[in-house]
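Asker: Residue numbers (the working numbering), protein chains in the order written: chain A, 1 to 267; chain B, 1 to 182.
By construction, the Cβ of each residue, glycine as well, lies at the ideal position given by its N, Cα and C atoms.
Supplied in C-alpha cells, the structure appears directly below.
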Ligand SMILES: [Fe+2]
C-alpha cells in the first residue's frame, strides 16, 4: 500500500522528512517577519507556502484572474431534508456504542460577508478520533481505531444560519511534512453559501493548542488576527451538565454577488 | 455590515471517507441519451498526477436553467440538481457523467463551473470549463485572458464527451478565477 503521508515527490527534493522542526519553524518565522514588515493585511491562507512541503508543486504561480461572476456562478446548489439524515449531526451515535474521548458540542453560525445568515445550507465535517487517528485506509498513525467512531458529520443550517454537531474532541496527529511534525487538533469544515463564489473548506482549531506555532498549515495564514478566526471559543453556555463540553465557532463566507432583484430566482 | 471572511485551509489527505459519496459524480444517469462524460486529470507543477484532489461541478441544465432542486447527495435518478463531486484516482483522473450546459443567457458561451481542492493546496481554486464552439469568440472573460492561456479554460471534445485537465502549476497552468466584490 502506498503511504499517502509519505510526502516525497519523485524527482524532487521539495518534500522530504529530512527537515527538522527547527528548520521549518525558522522558515515560518522568516515569512511571518517579512509579512509584518510589509504592513499588509492578508486574510487568507497563502497558496505558496514552502514550509508546507506538499504545497510547493501544487500552488498556482500566476495570480488568479479577477472576474465578475455571472450565470451559474451567482447561485449555489440547494440541499434539503432529503439529502441528510438528522442523525448525521451526532457523530457519537453512529455505531453500537459510545466513542472514546471528550464528548462535546460544536455550534455556531454561518454568515455571509454582509452579516446575513446562510440559511438551510449544507455543513460537512470530518475529523480524527480522540487518539488522532482517521478512519481512512491511508492513515498510518499507529494509534487505535475506535470501532464506535467514523468521524464524519453533516447538517443543514437553520433559519438563523446556525449549525450544531455532537462529537468527541479529536487528538493531534503526526504527519510527514518534516521530522516529528504534528498537526494541532482540528475539525475539517466544508461550507456552501448562496453563491458558487462562497464555497470554502477550512479547519477549526481549539483554543491554546501548543502546536499552533509549529504547524505550517495553520501558519500559512500569516496574519495572526486572520488565523485566530479559525480557533473556536470554549462556551460554558454550550456545555451541558453531566453530559458534554461546548465550543462555539462562527464562520463568515465572502460576500454574495447577487443583488436583491436576483435574490430569489435565477433569470 | 461588512465582515471579514474566515480563511480557508487545505482539504488535507483524509477527506476520502467524508466528502465523496455514492453517485456523486453522476449528475445524470449514464443511460440518459444526452449523457456525456466530463473528464480529465489533475496535474502538479512537475506534470505528475495529483491522486488526492477533489473536484466539484456546478452547472446549468441543457436549456441553460439553474436548478433549485435539492437531492444532490441522494439522487432520485430523475431530478437534475446541477451539482456533483468527484475525487481523483491514483492516476489523477476524475470523471463526471452529466449533460452539456446550455447558455445562461441566449448567445453566451456555456461553461461548467469547477471548484478544485487537494492535499497540498492551501485553499480551494475556482475555474471554468467552457464548451467548445462559436460562442467562445464573444465571451468577455476569454477575451480578457492572454491568447496563449485561453485554451486552459476550454474543454476538448473526445469519443466519450469532453476532456478538461487541471494543471495546478507550470507551463500551461490553468487560469484560476477570483471573484472580488469591490
Ligand atoms: Fe486533518
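What does the alpha-carbon distance come out to for the pair residue 21 of chain A and residue 213 of chain A?
Answerer: The count along the first chain starts at 1 and reaches residue 21 of chain A at position 21. The count along the first chain starts at 1 and reaches residue 213 of chain A at position 213. Taking the straight line joining both Cα atoms gives about 11 Å.
Asker: Mind checking whether the beta-carbon of residue 12 of chain B lies closer than 8 Å to any heavy atom of ligand 1?
Answerer: Within the second chain, residue 12 of chain B is the residue found at index 12, counting from 1. Checking the Cβ of residue 12 of chain B against ligand 1 gives yes.
Asker: Compute the Euclidean distance between the alpha carbons of residue 112 of chain A and residue 127 of chain B, then round it to the nearest angstrom.
Answerer: As a first step, residue 112 of chain A must be located in the first chain, where it is residue number 112. As a first step, residue 127 of chain B must be located in the second chain, where it is residue number 127. Spanning the two alpha carbons is a distance of roughly 21 Å.
Asker: Based on the DSSP output, what are the partners of residue 126 of chain A in its beta bridges?
Answerer: If you number the first chain from 1, residue 126 of chain A lands on position 126. Bridge partners of residue 126 of chain A: A:152 and A:188.
Asker: For residue 150 of chain A and residue 88 of chain A, I'd like the C-alpha separation in whole angstroms.
Answerer: Here residue 150 of chain A refers to the residue found at position 150 of the first chain. Here residue 88 of chain A refers to the residue found at position 88 of the first chain. Going by the C-alpha atoms only, they are around 11 Å apart.
Asker: May I ask you to verify whether the region 64-79 of chain B touches the region 76-83 of chain A, counting CB pairs closer than 8 Å and requiring at least 3?
Answerer: Yes: the two stretches touch, three or more of their Cβ pairs being nearer than 8 Å.
Asker: For a test of the three-state rule: what should DSSP assign to residue 1 of chain A, helix, strand or coil?
Answerer: Counting from one through the first chain, the residue named residue 1 of chain A turns up at place 1. Unreliable positioning characterises residue 1 of chain A in this predicted model, as indicated by a pLDDT of 33, which lies under 50. A coordinate reading is not provided.
Asker: Give every residue of the same chain whose Cβ lies closer than 7 Å to the Cβ of residue 23 of chain B, excluding the five residues on either side of it in the sequence, and list them in chain order.
Answerer: Indexing the second chain from 1 puts residue 23 of chain B at position 23. Answer for residue 23 of chain B: 75, listed in chain order.
Asker: With 9 Å set as the bound, which would you pick, yes or no: does the beta-carbon of residue 234 of chain A sit closer than that to a beta-carbon of chain B?
Answerer: Within the first chain, the letter at position 234 stands for residue 234 of chain A. Not an interface residue.
Asker: Distance cutoff 9 Å, beta carbons only. Does residue 163 of chain A sit that close to anything in chain B?
Answerer: To locate residue 163 of chain A, count along the first chain from 1; it is residue 163. It does not: the Cβ of residue 163 of chain A has no partner Cβ on chain B nearer than 9 Å.
Asker: Restricting to Cα atoms, I'd like to know which of B:16, B:157, B:132 and B:4 is closest to residue 90 of chain B.
Answerer: Taking the first residue of the second chain as position 1, residue 90 of chain B is located at position 90. Checking every option, the nearest Cα to that of residue 90 of chain B belongs to B:16.
Asker: Mind checking if residue 29 of chain B is an interface residue toward chain A, Cβ cutoff 9 Å exclusive?
Answerer: The residue labelled residue 29 of chain B in the question sits at position 29 within the second chain. By this cut-off, residue 29 of chain B is not an interface position.
Asker: Are the C-beta atoms of residue 10 of chain B and some chain A residue less than 9 Å apart?
Answerer: The residue labelled residue 10 of chain B in the question sits at position 10 within the second chain. Yes, contact with chain A.
Asker: Going by the beta-carbon positions, is the gap between residue 14 of chain B and residue 57 of chain B smaller than 9 Å?
Answerer: The residue labelled residue 14 of chain B in the question sits at position 14 within the second chain. The residue labelled residue 57 of chain B in the question sits at position 57 within the second chain. For residue 14 of chain B and residue 57 of chain B, no; Cβs fall outside 9 Å.
Asker: Name the residue from B:176, B:85, B:169 and B:148 whose alpha carbon lies nearest to the alpha carbon of residue 120 of chain B.
Answerer: Position 120 of the second chain, counted from the first residue, corresponds to residue 120 of chain B. If we check each option's Cα against that of residue 120 of chain B, B:169 comes out closest.
Asker: Just curious, the beta strand (DSSP E) that residue 116 of chain B is in, first and last residue?
Answerer: Taking the first residue of the second chain as position 1, residue 116 of chain B is located at position 116. Start and end: 111-118.
Asker: Can you check whether the C-beta of residue 46 of chain B is within less than 9 Å of a C-beta belonging to chain A?
Answerer: Sequence index remark: in the second chain, residue 46 of chain B carries index 46 (1-based). Closer than 9 Å: yes.
Asker: If we cut at 9 Å on Cβ distances, does residue 25 of chain B have a partner in chain A?
Answerer: Position 25 of the second chain, counted from the first residue, corresponds to residue 25 of chain B. Answer no: the Cβ-Cβ gap between residue 25 of chain B and chain A never drops below 9 Å.
Asker: Just to check, is the beta-carbon of residue 227 of chain A closer than 8 Å to a non-hydrogen atom of ligand 1?
Answerer: By one-based count along the first chain, residue 227 of chain A stands at place 227. False, no ligand heavy atom lies under 8 Å from that Cβ.
Asker: Per the DSSP calculation, residue 94 of chain B is bridged to which residue(s)?
Answerer: For this step, residue 94 of chain B is matched to residue 94 along the second chain. DSSP lists B:40 as partners of residue 94 of chain B.
Asker: Cβ closer than 8 Å: which chain A residues qualify as neighbours of residue 69 of chain B?
Answerer: Your numbering for residue 69 of chain B matches position 69 in the second chain. The answer, in chain order, is 78.
Asker: Closer than 7 Å, Cβ to any Cβ of chain B: which residues of the region 29-45 of chain A, in chain order?
Answerer: Cβ contacts with chain B come from 43, 44 and 45.
Asker: For residue 41 of chain A, is the classification buried or exposed, using 16 other Cβ atoms within 10 angstroms of its Cβ as the cut-off for buried?
Answerer: Residue numbering aside, residue 41 of chain A sits at position 41 when the first chain is read from its first letter. Residue 41 of chain A comes out exposed.
Asker: Taking the Cβ atom as the reference point for each residue, do residue 60 of chain A and residue 125 of chain B lie within a distance shorter than 9 Å?
Answerer: Stepping through the first chain from its first residue, residue 60 of chain A is reached at position 60. Stepping through the second chain from its first residue, residue 125 of chain B is reached at position 125. Contact flag set, yes.
Asker: Taking only the alpha-carbon atoms, compute the straight-line gap between residue 225 of chain A and residue 5 of chain B and give it to the nearest angstrom.
Answerer: As a working mapping, residue 225 of chain A is identified with position 225 in the first chain. As a working mapping, residue 5 of chain B is identified with position 5 in the second chain. Whole-angstrom Cα-Cα distance: 12 Å.
Asker: Measure how close the beta-carbons of residue 72 of chain A and residue 104 of chain B come, nearest whole angstrom, since I'm counting them as under 8 Å.
Answerer: Here residue 72 of chain A refers to the residue found at position 72 of the first chain. Here residue 104 of chain B refers to the residue found at position 104 of the second chain. Right, their Cβ atoms sit about 6 Å apart.
Asker: I want to see whether chain A comes within less than 9 Å of residue 40 of chain B, judged by CB atoms only; does it?
Answerer: Start at 1 with the first residue of the second chain, and residue 40 of chain B comes out as number 40. No, residue 40 of chain B lies away from the interface with chain A (no Cβ there is under 9 Å from its Cβ).
Asker: At what residue ranges does the region 161-231 of chain A contain a whole run of the beta strand (DSSP E), taking only runs of 3 or more?
Answerer: The qualifying runs are 162-168, 173-175, 181-183, 186-191 and 200-205.
Asker: For a contact defined as C-beta to C-beta under 8 Å, what are the partners of residue 152 of chain A on chain C?
Answerer: No chain C appears in the structure shown, which is made up of the protein chains A and B.
Asker: CB-CB under 6 Å to residue 91 of chain A, same chain, minus the five flanking residues each way: which ones, in chain order?
Answerer: Residue numbering aside, residue 91 of chain A sits at position 91 when the first chain is read from its first letter. Hits under 6 Å: 153 and 167.
Asker: So, at 7 Å on beta carbons, what are the nonlocal neighbours of residue 216 of chain A in its own chain, with the 5 sequence-adjacent residues on each side left out?
Answerer: Position 216 of the first chain holds residue 216 of chain A. Excluding sequence neighbours, residue 216 of chain A sits near 24, 28, 49, 51, 52 and 177.
Asker: Check each candidate in A:171, A:222 and A:117 and name the one with the smallest Cα separation from residue 230 of chain A.
Answerer: Counted from its first residue, the first chain places residue 230 of chain A at position 230. Measuring from the Cα of residue 230 of chain A, the nearest candidate turns out to be A:222.
Asker: Leaving out five residues on either side along the sequence, give the residues of the same chain with a beta carbon under 8 Å from the beta carbon of residue 34 of chain B.
Answerer: For the purposes of this step, residue 34 of chain B is taken as residue 34 along the second chain, with counting starting at 1. Only 28, 62, 99 and 100 meet the Cβ criterion.
Asker: Which residue comes first and which comes last in the alpha helix (DSSP H) that contains residue 109 of chain A?
Answerer: Here residue 109 of chain A refers to the residue found at position 109 of the first chain. Counting along the chain, residue 109 of chain A falls outside any alpha helix (DSSP H), though it belongs to the beta strand (DSSP E) covering 103-111.
Asker: Which residue comes first and which comes last in the alpha helix (DSSP H) that contains residue 142 of chain B?
Answerer: Here the question's residue 142 of chain B lines up with position 142 in the second chain. 140-143 is the extent of the alpha helix (DSSP H) around residue 142 of chain B.
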